[in-house]
Amino acid sequence: MTTPTLCPACGARNDCTLADPRTVDQACWCYSVTIDPAVLQALPDELRNKACLCPRCARVDQQLRGAEPT
21 MTTPTLCPAC GARNDCTLAD PRTVDQACWC YSVTIDPAVL QALPDELRNK ACLCPRCARV
81 DQQLRGAEPT
């Protein structure tokens with residue numbers, strides 16, 4: 021069984037505001053980033069669309085921090 025507050029890929033907290041009744045009225049972190057569709061496709065079918073990925077597994081940590089100059 022998948023828990024909505026945990027990442028289906030690694031089991032860590034996913035920080036999804038929509039999964040927490042206390043923060044359901046706030047925009048989730050995932051609204052401000054672009055998640056590569058290949059990352060989602062890599063999940064087994066039974067884990068897709070059940071819970072949000074955590075920022076690390078979604079591979080968006082750098083986007084959340086702001087792009088660092090290269």
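So the number in the numbering used here is just where the residue sits in the sequence shown, counting from 1, plus 20.
Note that beta-carbon positions come from the ideal geometry of N, C-alpha and C, so glycine has one too.
Since this is a predicted model, take the numbers as computed values, not measurements.
In whole angstroms, what separates the C-alpha of residue i from that of residue j?
| i | j | result |
| --- | --- | --- |
| Pro75 | Asn34 | 7 Å |
| Val44 | Cys30 | 23 Å |
| Pro24 | Gln83 | 23 Å |
| Ala39 | Cys48 | 9 Å |
| Glu117 | Leu26 | No information on residue 117 is available, as it lies outside the stretch 21 to 90 that the chain covers here. |
| Asn69 | Asp81 | 21 Å |
Could you give the DSSP three-state label for residue i: helix, strand or coil?
| i | result |
| --- | --- |
| Arg85 | helix |
| Leu60 | helix |
| Leu26 | strand |
| Arg76 | helix |
Mark residue i as exposed unless 16 or more other C-beta atoms lie within 10 angstroms of its C-beta, in which case mark it buried.
| i | result |
| --- | --- |
| Ala32 | exposed |
| Leu73 | buried |
| Pro57 | exposed |
| Ala78 | buried |
| Arg28 | The residue asked about is misnamed: residue 28 is Pro in this sequence, not Arg. Its Cβ being crowded by 16 or more others within 10 Å, Pro28 is buried. |
Assuming residue i and residue j are in contact, meaning their beta carbons sit under 8 Å apart, how far apart are those beta carbons, in whole angstroms?
| i | j | result |
| --- | --- | --- |
| Thr54 | Gln46 | 20 Å between Cβ atoms; not a contact. |
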